[in-house]
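Worksheet: the structure to be examined is printed underneath.
In UniProt numbering, the protein residues as written are 1 to 733.
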């Protein structure tokens, strides 16, 4: 071993801990310090894990103590409330004492721990004050001595029982795995030598853990693997724009040892750091012109405060709506038991039992050695909620927002708190709820208009480079809008080209030249939502209303054609699969065939599609097999408590044997049954220069809209806003 190698190794050993922190902070946006209130919680009786310094910190927008500095005293008040800090600690004790693990409890790694929700009929019957809570149970996914286990944990009875384990795949990565794997390559001499050959200092390198997908047993060898892609951090916080192209490091996740190094990027320069830093402080001294000078309006709350209430920590009430809201480590945000008050009768009516993002599929369109495996399934591999950091007041959410925390579990089984993970706020964007002005020719002076105010529940996940903003927006007319915004930083590819005139004609770049030596690679985003609809009750039917041209008979009408709507009630799962086509329009209704309006229409809700990009990959392509839930935009399945994750319970290195597409092949009856509707928002993304160095948010949404659910316009009697309703600010001397 030469002297320089020894020196580098000594340097690595001396600064190893600092390097792990730097890399992890860069990749997962950890704060630089612990706030005093959070530190006191960390070192008190709370029992937070080692992630507390960044997960339990107090909001930095205020010098006061956090809104909820401790969750130690939390108790469940609703059957669907998430596990409390105390319950997580109780589950940890039970798991560590479970006989198969008791011999070496420190070797037990907890990959997931969440509430085992009570049976649906019990939750639907439950009324606050009239019933006690059902027994509290949890489901745990753990790894112990190289094996995966799924376990039922009865918190009251103190019992642990095994549950079936999926045939393929592995659990979601834990946060400490992701952090440790950032540093794993640096322990390998061959990797360090490769970095030196590239002319990069080791302390200027950050490596990200990238899920490898599944491409057959010859590639994975029955091991749990990760692939690392590395970047230069020199000169910028935006190291994603400085890839060490072509370098891929295969690491065994269980041993943390390097298995293989592939370096196909010799001769490809590392892109320059200039103009890549997106932070406000880095751009304070630069000129701003035109639209760059715009500031957000103050959005002051109403004098009487917000028009919504959050009761018992998770029950949200606003404008006739009532729903349960909670954070989830995998789904991010879960909306449950959504009901709306009928404006005519005052009765509370069911709309949706549970809604959540079930899985994300993000395949990159580059088949080369260093890129073919980049086909992420973010919820099941990384944890959509685990990657959700604290929202930024005034920028992520308006001034009058209320915030909600998440209680999660670390790999050692201890609870930690993710503060301000969800925000709830009223939004008025200047839109109109309804209006009509009468023409002067009628002689009637009528000008009626009502402002549209909505309620938004929001979370944002930063899955390494990409940021996802998820909004659940509730409207006064009974509509629910689910919106996904995409922002953050592109995953880019290094290239020797600095100008398009250097690119040979018909050369496949797999993307767009964004800046000198930087290609933004083409990719897709698919977000599949699971929507357990209970429209005026659990038993519903799915109706497809096809629209087609109908020709008139000769002499029947001056018209030659018109549009005709034909209704078809789906009887089985395959009958309800929908692949949208522009010139074959249709509406898609979930109805309650046993509940009718006064004129005889079945009450219902319809899904209004948008974000309709569909996968163009070969169905037999390994990534598409795993992501087969994107083969259709709409699926309908009968309710099954175990069928929650569209990519399967174990997604990591799965083979696609346990997906929504697999379940649907059973072709079960769905007419007048308890139904689950699945909708996939799809985005094709061909990067452009405006996406550099950070992307403006691009959003799409779909709606759940009442269709014959109410007897008439439910906001007919909404009062208009008058000048006298506005707050009056007294002049100051």
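No residue lacks a Cβ here, since even glycine has one placed at the ideal position from N, Cα and C.
_By the three-class DSSP mapping on this structure, what secondary structure does residue 652 have?_
Residue numbering aside, residue 652 sits at position 652 when the chain shown is read from its first letter. Three-state result, residue 652: strand.
*Quick one: any contact between the stretch 623-640 and the stretch 353-365, if contact means 3 or more CB pairs under 8 Å?*
yes
_Three-state secondary structure (DSSP) of residue 48_ = For the purposes of this step, residue 48 is identified with residue 48 of the chain shown, where counting begins at 1. For residue 48, the predicted model reports a pLDDT of 37, less than 50, meaning its position is unreliable; a value from the coordinates is still stated below. In this structure, residue 48 counts as coil in the three-state DSSP scheme.
*residue 567 and residue 703 look like a contact to me (Cβ under 8 Å); what is the Cβ gap, rounded to whole Å?*
Sequence index remark: in the chain shown, residue 567 carries index 567 (1-based). Sequence index remark: in the chain shown, residue 703 carries index 703 (1-based). No, residue 567 and residue 703 are not in contact; Cβ-Cβ is about 20 Å, not under 8 Å.
*Starting from residue 393, follow its DSSP beta bridges and name the residues at the other end.*
By 1-based counting over the chain shown, the position of residue 393 is 393. Here residue 393 is bridged, per DSSP, to 397.
*Near residue 647, what residues of its chain come up, given a Cβ to Cβ distance below 6 Å and the 5 sequence neighbours on each side ignored?*
Taking the first residue of the chain shown as 1, we reach residue 647 at position 647. Once the five neighbours on either side are set aside, the close Cβ partners of residue 647 are 359, 377, 380, 659.
*Where does residue 592 sit, in a helix, a strand or coil, going by DSSP?*
To locate residue 592, count along the chain shown from 1; it is residue 592. The answer is strand: DSSP assigns residue 592 an E or B state.
*Assign residue 625 to one of three DSSP states: helix, strand, or coil.*
Position 625 of the chain shown holds residue 625. Residue state, collapsed to three classes: helix.
*Among residues of its own chain, excluding the 5 on either side of residue 45, which ones have a beta-carbon nearer than 8 Å to its beta-carbon?*
To locate residue 45, count along the chain shown from 1; it is residue 45. Annotation note: pLDDT 33 at residue 45 (below 50); position unreliable, no value reported.
*Could you work out which residue in 97, 324, 511 is closest to residue 521 when comparing CA atoms only?*
As a position in the chain shown, residue 521 is number 521, starting the count at 1. Among 97, 324, 511, the Cα nearest to that of residue 521 is on 511.
*According to the Cβ coordinates, are residue 187 and residue 249 closer than 9 Å?*
Counting from one through the chain shown, the residue named residue 187 turns up at place 187. Counting from one through the chain shown, the residue named residue 249 turns up at place 249. No, these two residues do not count as a Cβ contact at 9 Å.
*Delimiting residues of the alpha helix (DSSP H) encompassing residue 546*: Here the question's residue 546 lines up with position 546 in the chain shown. That residue, residue 546, is in no alpha helix (DSSP H); its beta strand (DSSP E) goes 539-551.
*Starting from the Cα of residue 314, find the closest Cα among 306, 330, 338, 320 and give me that residue.*
For the purposes of this step, residue 314 is taken as the residue at position 314 of the chain shown. Closest option to residue 314, Cα to Cα, is 338.
*Inspect the beta-carbon positions of residue 706 and residue 583 and report whether they are closer than 9 Å.*
Residue mapping note: residue 706 aligns to position 706 of the chain shown, counting from 1. Residue mapping note: residue 583 aligns to position 583 of the chain shown, counting from 1. Going by C-beta atoms, residue 706 is not nearer than 9 Å to residue 583.
*Taking Cβ to Cβ, would you say residue 742 is nearer than 9 Å to residue 570?*
What the structure shows of the chain is the stretch from 1 to 733, and residue 742 is not part of that stretch, so it cannot be assessed.
*Between which two residues does the alpha helix (DSSP H) harbouring residue 759 extend?*
No answer is possible for residue 759: it lies beyond the span of the chain, which begins at 1 and ends at 733.
*So, residue 708 versus residue 597, is the Cβ gap smaller than 9 Å?*
Taking the chain shown and counting its residues from 1, one reaches residue 708 at position 708. Taking the chain shown and counting its residues from 1, one reaches residue 597 at position 597. Yes, the pair counts as a contact, with Cβ atoms nearer than the cut-off.
*Looking only at its own chain, which residues have a Cβ that is under 6 Å from the Cβ of residue 322, when we skip the five neighbours before and after it?*
Reading the chain shown from its first residue, position 322 is the one you call residue 322. Around residue 322: 339.
*Determine the closest residue to residue 217 out of 168, 132, 227, with distance taken between C-alpha atoms.*
Residue 217 sits at position 217 when you count from the first residue of the chain shown. The shortest Cα separation from residue 217 among 168, 132, 227 belongs to 168.
*With C-beta atoms as the reference, is residue 357 less than 9 Å away from residue 612?*
In the chain shown, the residue the question calls residue 357 occupies position 357. In the chain shown, the residue the question calls residue 612 occupies position 612. No, the pair does not count as a contact, with Cβ atoms beyond the cut-off.
*Does the beta-carbon of residue 643 have 16 or more other beta-carbons within 10 angstroms, so that it is buried, or is it exposed?*
Here the question's residue 643 lines up with position 643 in the chain shown. Under this definition residue 643 is a buried residue.
*How about residue 456 and residue 419: are their beta carbons less than 9 Å apart?*
Position 456 of the chain shown holds residue 456. Position 419 of the chain shown holds residue 419. No.
*If you check the beta carbons only, do residue 91 and residue 83 fall under 9 Å apart?*
Looking up residue 91 in the chain shown gives position 91. Looking up residue 83 in the chain shown gives position 83. Yes, the pair counts as a contact, with Cβ atoms nearer than the cut-off.
_Cβ-Cβ distance between residue 265 and residue 247 below 9 Å_ = Here the question's residue 265 lines up with position 265 in the chain shown. Here the question's residue 247 lines up with position 247 in the chain shown. Note that the C-beta distance between residue 265 and residue 247 is below 9 Å.
*Give the secondary structure of residue 421 by DSSP, where H, G and I count as helix, E and B as strand, and everything else as coil.*
Counting from 1 along the chain shown, the entry for residue 421 is found at position 421. Secondary structure at residue 421: strand, using DSSP grouped into helix, strand and coil.
*So residue 175 is in the alpha helix (DSSP H); what residue range does that whole segment cover?*
Here residue 175 refers to the residue found at position 175 of the chain shown. Counting along the chain, residue 175 sits inside the alpha helix (DSSP H) bounded by residues 175-183.
_Looking at the strands, I want to know which residues DSSP matches up with residue 321._
By one-based count along the chain shown, residue 321 stands at place 321. In DSSP, residue 321 forms a bridge with 318, 340.
*Spell out the partners DSSP gives residue 145 in its beta bridges.*
Taking the chain shown and counting its residues from 1, the one referred to as residue 145 is at position 145. DSSP lists no partner for residue 145.
*asked:* With a threshold of 7 Å on Cβ separation, who are the neighbours of residue 551 within its own chain once the five nearest residues in sequence on each side are excluded?
replied: Walking along the chain shown from the start, residue 551 turns up at place 551. Excluding the 5 residues flanking it on each side, residue 551 has same chain C-beta neighbours closer than 7 Å at 560, 561, in chain order.
_Check whether residue 471 and residue 458 have beta carbons under 9 Å apart_ = Taking the chain shown and counting its residues from 1, one reaches residue 471 at position 471. Taking the chain shown and counting its residues from 1, one reaches residue 458 at position 458. Yes, they are a contact pair.
*asked:* Quick check on residue 503: buried or exposed, where buried means 16 or more other Cβ atoms within 10 Å of its Cβ?
replied: Position 503 of the chain shown, counted from the first residue, corresponds to residue 503. So residue 503 counts as exposed.
*asked:* For the structure I just gave you, are there three or more beta carbon pairs, one from the stretch 121-134 and one from the stretch 147-162, closer than 8 Å?
replied: no
*Would you kindly report the start and end of the unbroken beta strand (DSSP E) that includes residue 435?*
To locate residue 435, count along the chain shown from 1; it is residue 435. 432-437 is the span of the beta strand (DSSP E), which, as asked, contains residue 435.
_Please identify the residue among 371, 699, 635 whose C-alpha is closest to the C-alpha of residue 488._
On the chain shown, position 488 is the one that residue 488 refers to. Residue 488 has its Cα closest to that of 699, out of 371, 699, 635.
_Cβ-based burial, residue 716 [other Cβ within 10 Å; buried from 16]_ = One-based indexing of the chain shown puts residue 716 at position 716. That one is exposed.
*Could you round the C-beta distance between residue 232 and residue 200 to whole angstroms and report it? I think they count as a contact, below 8 Å.*
Counting from one through the chain shown, the residue named residue 232 turns up at place 232. Counting from one through the chain shown, the residue named residue 200 turns up at place 200. With 8 Å as the limit, residue 232 and residue 200 qualify as a contact, their Cβ atoms being about 5 Å apart.
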